[in-house]
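These notes are about the structure you will find just below.
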Ligand code: FES
Ligand code: FES
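In structure tokens, the structure reads:
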């Protein structure tokens, strides 16, 4: 049962009217437009840049390069290794070199084409295995960004005691978030000389911090506001346009808008990490998994972004949602001259899920056990120990997700080239083994409203609505009594980023705690006996504002550097998807006909939003499985990067499992990434069921599948 | 500069436009209606869909001058005062959006579909929206919205 207070999306009305203001919709009189000049080669020294023609182009106001950066020319969410504008060297195609500012967008764009950059080309590292050999050094501290191991039990003994061993290699490629709104942001200087930036983003506070360092001005002089954001999926976590907008406003003192074209979006945004996964599983005759050994090599591209996060998350999730006594999972991230890979819905877990779920099916076949049975047999449950030796105490609804799918699985009817496949997953909520708190603040207004201030960015997933629902449920008030102040560094505290499926769980809890504080106060003040908020507001104003604040940092434990023993997450989400496909043996075309998806969300706050996330995740999973592939140096438009359209969508049904998580708000966990994670795996297994050949490489597009058939 | 006569949402405009300006540029930059979005600028994504003389077009690949002496309807032209168009109502009620960036284009394509076909089949709905990409919703809630809109427009709900 979901919580009592249901609310429709609060942003729906302005969206259907076309009134929602995305960053690129904002217009300020006299604003300039910025266009980024990018490297056309993957690796080289910049020998000379010829600006002459561009500078004299009518309407060009200024051209900025790294020399114009007053502070430190470096940023990065975890490791600061990426220049805002290239210094003397470029490391990937599309690396920003200069900003052209013009009176209008077409002027800036035309002028940007007139800039000639001369390079001295360097040897290109195009693959992580080549990178590992270290022939060409990409960064001062070497080519290995990150190397993590998860070790449990005795792996050799595990394989010795196994009756059957399955060993395979899997590959995935670069994917693009392809949110329909390309990156955009607008900045200006206010009367007091403060820098104000409104952008399409997943985290305002982080960006303020980066800009402060780039411009060497204190954070108090900067205000970042999130505009209505047209999708993120991880791609708007890193700095996108903000640094360029900030630098441009700093130098021109005029409002500046930068919005990327689709081509620029493809060139600049971070990609899903391509992974090479060697996977070895050992099991007893009865299907009990004894040992899992995984070796992952990832391509993080030219700069770090979230590479180390993905590296660790992949290792921690390598076994999938199964209890395995002996584990040795090793994962490496290497720098190359490829596009920067970073956060994309699931941080590497969709890739590793493709591998562990394929392994599960291969093992089931070897042992002649039903794929559903083998999953149930090995499933994590209460009391299980994960690969990091974390004992799972609460909210482990994995088996219930399998049970929810069971009737459809049992009722499936194979015929011709129609096949069925399962995919399961678990996913840790929030950041891995590090503190990742959120805060919330509630104030009362003179008009009698209860105002929630949250730094959480709603990027379309619906956190604005969910957080207000949590507020209303805790206070026993109606939607009309509350209002939201969201994602503005001047008006809201830090809620951390909208990533890692953490906002409902972590920010939701912070809101609940703040609301409980307020509730105690309102009880004393007679609100529940009929005294209005306006009246209470007036009395409480005279006595000074009591702080109605909430703060939540999920209880985790740092992981051991050598074995990753520890408690990386306070809780996990679980899910199982089942896909039905039809394969055309001649063309290699795979049609996904039907998907059932069951998700343990802890507690449903907003069923419509959850289902929306699940259906959207399924769509993205279909793209990952069958059609999406970013090719560096080639992909530049939605004409050669295919995302699923209305014609590609199957019939879908989502089931919600609620195994409440005591640390979450009303028991809730998250669902944003879990929605996607098991989908590609389920499709790969369904293809195998349909035509008897197994894809080891995604996407399993026409060409690849035809080769297999 | 060329002279463009265009009717947008019932209002006549006479504008001076650059010969290479697109209809999308004119709608967003000259007229200032920013409900119509640009997702690709290349005729792929459908975010810029508007209705020109009854047809759904990708305004990013229509030259402004091709719209000379024509009538265009954008998302801002659907509601009458406070009264939402039934399609808008349906998208609102069914939750046919998440980030909402594709929504104006979706709604405009839906209008052209339903103006010509009061009771479209599932397949016809999919087909009509094939050129409108959505990265968030998986389309299901959009299909439901279109169906509900059709019912509303037939006066059934
Ligand atoms: S913006 Fe016109 S089709 Fe994409
Ligand atoms: S709702 Fe985000 S693209 Fe459709």
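Chains as they are written, first to last, in the numbering used here: chain A, 2 to 710; chain B, 6 to 162.
The beta-carbon is built from N, C-alpha and C at its ideal position, and this holds for glycine as well.
Going by Cα to Cα distance, which pick from the options is closest to residue i?
i	options	result
residue 529 of chain A	A:483, A:492 and A:478	A:478
residue 120 of chain A	A:94, A:144, A:255 and A:132	A:94
residue 334 of chain A	A:199, A:312, A:343 and A:319	A:312
residue 278 of chain A	A:214, A:235, A:299 and A:460	A:299
residue 384 of chain A	A:396, A:345, A:376 and A:271	A:396
residue 63 of chain A	A:50, A:112, A:41 and A:19	A:112
residue 97 of chain A	A:245, A:314, A:251 and A:59	A:245
residue 537 of chain A	A:345, A:242 and A:450	A:450
residue 304 of chain A	A:378, A:269 and A:330	A:269
residue 676 of chain A	A:577, A:512 and A:441	A:577
residue 444 of chain A	A:101, A:408, A:673 and A:519	A:519
residue 622 of chain A	A:465, A:690, A:699 and A:606	A:699
residue 638 of chain A	B:38, B:46 and B:23	B:46
residue 196 of chain A	A:654, A:341 and A:220	A:220
residue 37 of chain B	A:26, A:33 and A:36	A:26
residue 274 of chain A	A:494, A:348 and A:78	A:348
residue 65 of chain A	A:54, A:58, A:37 and A:45	A:37
residue 409 of chain A	A:318, A:87, A:581 and A:359	A:581
residue 183 of chain B	B:144, B:101, B:153 and B:79	Outside the shown range of chain B (6 to 162) lies residue 183 of chain B, about which nothing can therefore be said.
Reducing DSSP to helix, strand and coil, say where residue i ends up.
i	result
residue 206 of chain A	helix
residue 14 of chain A	helix
residue 601 of chain A	strand
residue 457 of chain A	coil
residue 410 of chain A	helix
residue 10 of chain B	strand
residue 404 of chain A	helix
residue 57 of chain B	strand
residue 177 of chain A	coil
residue 73 of chain B	coil
Give the interface partners of residue i over in chain B, defined as CB-CB distance under 7 Å, in chain order.
i	result
residue 26 of chain A	39
residue 722 of chain A	The question about residue 722 of chain A has no answer here: the residues shown for chain A are numbered 2 through 710.
residue 9 of chain A	100
residue 797 of chain A	Shown here, chain A extends from 2 to 710; a query on residue 797 of chain A therefore has no answer.
residue 609 of chain A	100
residue 613 of chain A	100, 103, 142 and 146
residue 23 of chain A	106
residue 630 of chain A	Result: empty, since nearest Cβ-Cβ is about 16 Å, beyond 7 Å.
Could you please give me the residues that DSSP links to residue i through a beta bridge?
i	result
residue 549 of chain A	A:443
residue 292 of chain A	A:283 and A:327
residue 70 of chain A	Answer is none; residue 70 of chain A lacks a bridge partner.
residue 584 of chain A	A:591
residue 51 of chain A	A:117
residue 27 of chain B	B:68
residue 376 of chain A	None, per the DSSP bridge assignment.
residue 246 of chain A	Partner(s): none; residue 246 of chain A has no beta bridge.
residue 227 of chain A	A:200
residue 579 of chain A	A:423 and A:597
residue 300 of chain A	A:335
residue 84 of chain A	Beta-bridge pairing links residue 84 of chain A to no other residue.
residue 46 of chain A	A:90 and A:121
residue 700 of chain A	Answer is none; residue 700 of chain A lacks a bridge partner.
For residue i, return the contacting residues in chain A, with the cut-off set at a CB-CB distance below 7 Å.
i	result
residue 84 of chain B	18
Along chain A, which residues have their Cβ under 8 Å away from the Cβ of residue i?
i	result
residue 47 of chain B	263, 638, 639 and 640
In chain A, what lies closer than 9 Å to residue i by C-beta?
i	result
residue 81 of chain B	18, 19 and 20
residue 112 of chain B	17 and 19
Strictly below 8 Å CB to CB, what residues from chain B border residue i?
i	result
residue 12 of chain A	105
residue 189 of chain A	Ordered by position in chain B, no residue passes the 8 Å Cβ test against residue 189 of chain A, which lies about 18 Å from the chain.
residue 674 of chain A	Those within 8 Å of residue 674 of chain A in chain B number zero; the least Cβ separation is about 14 Å.
| Interfacial residues, the stretch 126 to 151 of chain B to chain A, with Cβ spacing under 9 Å | 130, 131, 132, 133, 134, 135, 136, 137, 138, 139, 140, 141, 142, 143, 144, 145, 146, 147 and 148
| field | Positions along the stretch 90 to 110 of chain B whose CB lies within less than 7 Å of some CB in chain A | value | 93, 96, 97, 100, 102, 103, 104, 105, 106, 107, 108 and 109
| said: Can you pull out the residues from the stretch 42 to 72 of chain B whose beta carbon lies closer than 8 Å to at least one beta carbon of chain A? | reply: 42, 43, 44, 45, 46, 47, 49, 50 and 52
| Where the stretch 643 to 655 of chain A meets chain B: residues whose CB sits under 7 Å from a CB there | 644, 646, 647, 648, 650 and 653
| field | Residues from the stretch 452 to 466 of chain A in contact with chain B, defined by Cβ distance under 8 Å | value | 460, 461, 462 and 463
| query | Mind listing which residues of the stretch 219 to 240 of chain A have their C-beta closer than 9 Å to chain B's C-betas, in chain order? | reply | 229, 230, 231, 232, 233 and 234
| Using a Cβ cut-off of 8 Å, which residues of the stretch 571 to 583 of chain A contact any Cβ in chain B, in chain order? | none
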